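S.K.: Numbering (our numbering), first residue to last: 12 to 403.
Yeah, the Cβ is synthetic: ideal placement off N, Cα and C, and Gly gets one too.
Predicted model, so just to flag it, every value in this text is computed and none were measured.
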Amino acid sequence: MANENAQFLRLFGRRIRLGMVGGGFDSIIGETHRIAFQADGLFDLVAGAFSVNAEVSTATGKTLLVADDRNYLDYHEMAELEAARPDPIDAVVIATPPHVHSDVAITFLKCGIHVICEKPLTRTMEQALQLKKTLEDTGRIFVLTHCYSGFPMPRLARDLVASGALGRLRMIDSEFASGGAGVALEPDDLSQRHWRFRPEIAGREGILGEVGTHAYHLIRYVTGRTPSRLSARMQTFVDRREVFDNAYVDLEYPDGAVGRIWSSYVATGNQHGLSFRIFGDKASVEWREEDAEYLRFRPLREPEVLYRAGQEGTSEFVSRSARFRPGHPEGYIMAFANLYTETAFAIGAVKAGRSPEPWLKNLPGIDDGVLGMQMIEGAARSQSAGSSWVTL
Ligand SMILES: NC(=O)c1ccc[n+]([C@@H]2O[C@H](COP(=O)([O-])OP(=O)(O)OC[C@H]3O[C@@H](n4cnc5c(N)ncnc54)[C@H](O)[C@@H]3O)[C@@H](O)[C@H]2O)c1
Numbered sequence: 012m013a014n015e016n017a018q019f020l021r022l023f024g025r026r027i028r029l030g031m032v033g034g035g036f037d038s039i040i041g042e043t044h045r046i047a048f049q050a051d052g053l054f055d056l057v058a059g060a061f062s063v064n065a066e067v068s069t070a071t072g073k074t075l076l077v078a079d080d081r082n083y084l085d086y087h088e089m090a091e092l093e094a095a096r097p098d099p100i101d102a103v104v105i106a107t108p109p110h111v112h113s114d115v116a117i118t119f120l121k122c123g124i125h126v127i128c129e130k131p132l133t134r135t136m137e138q139a140l141q142l143k144k145t146l147e148d149t150g151r152i153f154v155l156t157h158c159y160s161g162f163p164m165p166r167l168a169r170d171l172v173a174s175g176a177l178g179r180l181r182m183i184d185s186e187f188a189s190g191g192a193g194v195a196l197e198p199d200d201l202s203q204r205h206w207r208f209r210p211e212i213a214g215r216e217g218i219l220g221e222v223g224t225h226a227y228h229l230i231r232y233v234t235g236r237t238p239s240r241l242s243a244r245m246q247t248f249v250d251r252r253e254v255f256d257n258a259y260v261d262l263e264y265p266d267g268a269v270g271r272i273w274s275s276y277v278a279t280g281n282q283h284g285l286s287f288r289i290f291g292d293k294a295s296v297e298w299r300e301e302d303a304e305y306l307r308f309r310p311l312r313e314p315e316v317l318y319r320a321g322q323e324g325t326s327e328f329v330s331r332s333a334r335f336r337p338g339h340p341e342g343y344i345m346a347f348a349n350l351y352t353e354t355a356f357a358i359g360a361v362k363a364g365r366s367p368e369p370w371l372k373n374l375p376g377i378d379d380g381v382l383g384m385q386m387i388e389g390a391a392r393s394q395s396a397g398s399s400w401v402t403l
């Protein structure tokens with residue numbers, strides 16, 4: 012995207028001014044966002060309310076060279092004061108736990124500021140619908156960082172499905188089964204547990220928000236299809252844990268395809284564990300994030316084709332998104348950066364009075380978030396009804 016980036020900066024005349032809520036030095040994902048939005052030189056971080064802990068928040072802003080008068084302790088104050096400035100932030104990045112997302116997003120949207128929000132969209136469906144309504148009322152840009160859709164190979168898989176190369180889709184399987192959180196025992200003291208494992212914060216089926224929505228979004232993104240029914244079976248394996256740490260969600264699609272998502276925190280020995288396999292009547296594709304540079308395309312009765320990221324002549328996005336020469340893996344951060352760069356182009360289009368749609372159509376947004384929440388809600392309903400099939 013190097014030429015497009017240079018052209019953007021020439022036309023826009025400056026970098027996009029970003030603020031962050033959450034993502035302090037006490038967070039897991041904050042630094043990932045910062046590396047990703049700085050990768051292509053299109054954003055400046057100029058403001059933030061980085062943490063619930065005032066000391067951490069201030070220290071994070073100071074270390075990141077945010078000016079003292081823009082290093083806030085409260086995101087309501089941040090939105091109000093930023094909107095009143097002659098040089099306000101153009102967009103805010105929300106990197107807090109999910110139960111805070113809707114209030115932060117609504118606060119900034121109402122101040123006319125675009126939003127880049129971590130998944131899952133919200134904690135509840137009610138919050139999700141309220142956020143969608145505010146977005147419609149304000150007409151701002153909203154990007155949900157389902158970052159795996161920024162990898163070149165899932166984008167190529169999407170092109171292959173859309174071209175009909177797989178034929179009629181039959182089975183759509185994905186998994187996000189990691190092993191890292193499979194600790195033997197949760198701490199006795201409830202307050203010592205991470206929010207992901209606290210039902211009052213993340214919900215009992217929070218695993219579907221944390222990892223399941225990524226897998227769900229990815230298969231929807233690649234296949235262009237949304238399931239109409241699901242049946243869920245969820246389990247808790249770790250002692251004293253009060254939330255599910257493993258979940259199988261079976262899916263049915265309106266066109267007859269079937270599939271499933273396996274989400275897990277206790278897949279012992281697995282690392283990150285995200286992958287998909289999609290089977291049609293002419294061919295199948297397989298992608299694993301830990302081998303992200305490769306897409307395996309397997310036509311019926313013909314030799315397998317191994318597509319590689321950076322390869323010329325594969326797809327427009329594969330060529331355009333490559334920053335380095337073929338053979339240098341770009342990985343997770345650059346996939347994340349691809350979403351940021353497309354977001355910059357969308358914001359630039361709005362500022363220039365043009366439609367952001369050419370960029371937004373490839374970016375995860377509010378509807379993806381609402382559908383993710385619908386999947387979680389459906390799975391909870393199914394689980395409490397003995398894993399019966401429920402309509403989405
Ligand atoms: N896209 C991905 O690959 C990916 C990976 C990890 C986490 N996430 C998502 O990112 C979000 C954050 O996850 P995390 O693991 O970094 O959580 P975390 O608990 O490690 O960090 C959360 C941060 O938000 C801050 N915070 C909380 N409430 C706040 C408030 N009211 N005002 C200001 N700051 C506040 C905390 O102090 C902390 O800095 C979650 O929605 C999670 O699902 C996404």
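#1: Thinking just about the alpha-carbon of each residue, which of Val-260, Pro-238 and Ala-47 is nearest to the one in Ala-268?
#2: Work out the CA separation of Glu-147 and Tyr-86 for me, nearest whole Å.
#3: For Val-126, which of His-339, Leu-29 and Gly-72 has the nearest alpha-carbon?
#4: For ligand 1, is there a heavy atom less than 7 angstroms away from the beta-carbon of Val-172?
#5: Starting from Leu-142, follow the alpha helix (DSSP H) in both directions and report where the run begins and ends.
#6: Tell whether a beta-carbon distance below 8 angstroms holds between Ala-348 and Met-164.
#7: Does DSSP put Ser-242 in a helix, a strand or coil?
#8: Taking only three categories from DSSP, how would you classify His-125?
#9: Mind checking whether Ser-286 and Ile-218 have CB atoms under 8 angstroms apart?
#10: Could you give the DSSP three-state label for Ile-117: helix, strand or coil?
#11: How is Ser-62 classed by DSSP in three states: helix, strand or coil?
#12: What number of angstroms, rounded off, separates the C-alpha of Ala-363 from the C-alpha of Asp-199?
#13: Can you tell me which of Arg-181, Arg-207, Pro-265 and Gly-223 puts its alpha carbon nearest to the alpha carbon of Arg-252?
#14: Tell me Thr-402's beta-bridge partners as DSSP assigns them.
#15: Would you check if the segment 350-359 and the segment 17-32 touch, i.e. whether three or more CB-CB distances between them fall below 8 angstroms?
#16: Report the start-end ranges of each alpha helix (DSSP H) in the segment 319-349 that is 4 residues or longer and not cut off at the edges.
#17: Measuring alpha carbon to alpha carbon, tell me which residue in Cys-122, Gly-150 and Ser-113 is nearest Leu-132.
#18: Which class does Pro-109 belong to by DSSP, given the choice of helix, strand or coil?
#19: Taking 8 angstroms as the cut-off, does the segment 150-163 touch the segment 366-385 (at least 3 CB pairs, one atom from each stretch)?
#20: Between the segment 280-294 and the segment 168-188, can you find at least three pairs of beta-carbon atoms closer than 8 angstroms?
#21: Could you name the residues that DSSP lists as bridge partners for Trp-273?
#22: Comparing the CB of Trp-206 with every heavy atom of ligand 1, is any distance shorter than 7 angstroms?
#23: Alpha carbons only, please: which of Glu-388, Leu-403, Val-401 and Ser-393 is nearest the one belonging to Glu-137?
#24: Quick one: give me the first and last residue of the beta strand (DSSP E) that Glu-297 is part of.
#25: Would you say the beta carbon of Asp-256 comes nearer than 7 angstroms to a heavy atom of ligand 3?
#26: State yes or no: is the C-beta of Leu-56 within less than 8 angstroms of the C-beta of Leu-75?
#27: Whose C-beta lies closer than 7 angstroms to the C-beta of Phe-328 among residues of the same chain, with five residues either side of it excluded?
#28: For the alpha helix (DSSP H) holding Ile-40, just list the boundary residues, first then last.
#29: What is the C-beta distance between Met-386 and Gly-270, in whole angstroms, given that I count them as a contact (C-beta under 8 angstroms)?
M.R.: Reading from the atomic positions:
#1: Pro-238
#2: 22 angstroms
#3: Leu-29
#4: no
#5: 136-149
#6: no
#7: strand
#8: strand
#9: no
#10: helix
#11: coil
#12: 55 angstroms
#13: Arg-207
#14: Arg-240
#15: yes
#16: 327-332
#17: Ser-113
#18: helix
#19: yes
#20: yes
#21: Glu-186 and Tyr-259
#22: yes
#23: Glu-388
#24: 294-299
#25: As presented, the structure is devoid of ligand 3, carrying ligand 1 as its sole ligands.
#26: yes
#27: Pro-163 and Arg-166
#28: Unbroken run through Ile-40: none, as it is neither H nor E.
#29: The pair is not a contact, with the Cβ atoms about 12 angstroms apart (cut-off 8 angstroms).
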